[in-house]
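The block underneath contains the structure these notes are about, expressed in structure tokens.
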Amino acid sequence: MKKKVLIIPSWYPNVKNDIIGSFFQEQASFLTDNGYDIKVLYGNIKEVNYINFFKLKINSFFSPKKTILKKDFLIQGPEAFSFSIMKFFKWNEKKIHNEFCREYSKAFIELLATGWKPDLIHAQCTVDGGIIANNLSEVFKIPYLITEHQVFLLNYYSKFKQQLIRKSLQDASKVGAVSNHQKRCILMNSIECNPYIIWNFIDEEKIIKISNTSNLKFRVVTISYPSFIKDMDTFFKSIEHFCKITDFDIEVVVIGNNSFDNLANANTTVFENLARKYNVYSKCVFVPFLPRDEVFATLTTANVFISTSIAETFGVAVREAMLCGVPVVVTKSGGVEDAVNEKTGVKVDIGDYEAIANALLKIRNSTLNFDSNYLRDFTISQCGRASFLSKMDSFYA
């Protein structure tokens, strides 16, 4: 019988945003379908002001209630519980940390009361899932693992938070990294652990047949969000340069938005402004977000996928494009370099918009050709169902 595993994600798809952390859910669902007993526990942080904070304190004093686990906020499959964590804006980091640990412990006790107890706790990202898992492990004497997905910049955090990050990684039974680049970033900080390389799960059943549709226009697709680390200036500069060096028509599909919490507020204004800045607005189609199935449907219509990131820990969108048989042009941003070679795409230096444009032209005029079936098969061999399950079986052993 396979193990009971409690997933502590640092973010997770929910009723306000069913895209954020979708790959955490997809991995957990896949493991559930393959014999593991998986549950998810996630604290939903709610910042409160001075007045509301004291109202809550007074109410809790006169009518104390245990933490109530809810299943109506997180997207289900596997069973996923959320609970509220109140965060007073005047608290310092130590107070916030202690409050988070206390509320997670209360929620965990309620989960245990249902008769279900995990054999392992698996944190998705050290901040803050791994930090919480470290505390739960110490209190309840259950081993924990961490898979690190985020760009690993230890100096980005305060000294207090850095100590928590170090401790969480060093105390973990096992640490996973989603690329060789990610492993290197962790170890460069003198953190005593030996990360396993576990590429993220890319489900080949999401797209069974590669499309051979011939577009009248040369179609470029990217998936991004407004952040300096995605370097979308370079993306739009490359499109501008492509239009300068050739008369070939081009259509650019930009998928992404500026909302991390509530998709109801999502818009593409930042991307539209960049397209205007580089005089390529008329070439672009802007899509704030797409359901997962429609992402794959859009990728199958692309002639090429572009990623201009300064840093990528893994590159889910790049791998998904490859799964659809689409060649990729990427910057040498780390995680994607495990997958991109002369048979799967083109790697260029970070910020080199001219090299991106030249690669697009070579693909457009068939100077560069790629085998769609090889792209798909290579991706499945690295990240597909059998490969991912084998790696997770070893990780959880």
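In full-length UniProt numbering, the protein residues as written are 1 to 397. Even for Gly, the Cβ is constructed at its ideal location relative to N, Cα and C. Please read these numbers as outputs of a predicted model, since none were measured by experiment.
I need the boundaries of the alpha helix (DSSP H) containing residue i, first residue and last residue.
| i | result |
| --- | --- |
| GLU138 | 131-140 |
| PHE100 | 93-112 |
| TYR353 | 353-364 |
| CYS185 | 180-187 |
| LYS209 | Premise fails: LYS209 is in no alpha helix (DSSP H) and is neither H nor E. |
| GLU294 | 292-299 |
Strictly by DSSP, which residues pair up with residue i?
| i | result |
| --- | --- |
| PHE88 | VAL48 |
| VAL40 | ILE7, ALA80 |
| TYR144 | ILE121 |
| ASN14 | LEU74 |
| ILE306 | VAL329 |
| VAL346 | VAL329 |
| GLY334 | GLU312 |
Look at residue i and residue j and say whether their C-beta atoms are less than 7 Å apart.
| i | j | result |
| --- | --- | --- |
| GLY176 | PRO9 | no |
| LYS217 | GLU272 | no |
| GLY345 | ALA311 | no |
| PRO13 | ILE75 | yes |
| TRP116 | CYS383 | no |
| TYR281 | GLU240 | no |
| THR268 | PHE286 | yes |
Between which two residues does the beta strand (DSSP E) containing residue i stretch?
| i | result |
| --- | --- |
| THR218 | Just to set this straight, residue 218 is Phe in the shown sequence, not Thr. First-last of the beta strand (DSSP E) with PHE218: 218-223. |
| ALA123 | 120-124 |
| THR331 | 328-331 |
| GLU251 | 250-255 |
| VAL287 | 284-287 |
| VAL127 | Unbroken run through VAL127: none, as it is neither H nor E. |
| ALA177 | 174-177 |
Report the CB separation of residue i from residue j in whole angstroms; it is logged as a contact under 8 Å.
| i | j | result |
| --- | --- | --- |
| MET322 | THR234 | Actually they do not touch by this definition, with Cβ atoms about 21 Å apart. |
| ASN17 | ASN262 | 6 Å |
| THR222 | SER168 | Wrong, their Cβ atoms sit about 34 Å apart, outside the cutoff. |
| SER372 | GLY325 | 3 Å |
| PHE260 | ILE20 | 6 Å |
| ILE210 | THR114 | About 44 Å; that fails the 8 Å criterion. |
| VAL348 | ALA355 | 4 Å |
| SER238 | ALA357 | 5 Å |
| PHE152 | GLN182 | 6 Å |
Q) If we count Cβ pairs, one from each stretch, closer than 8 Å, do we get three or more for the segment 77-84 versus the segment 35-55? A) yes
* Asked: Pairing CB atoms from the segment 90-108 with CB atoms from the segment 133-148, are three or more of them under 8 Å?
  -> Touching, yes, given that three or more Cβ pairs across the two stretches are closer than 8 Å.
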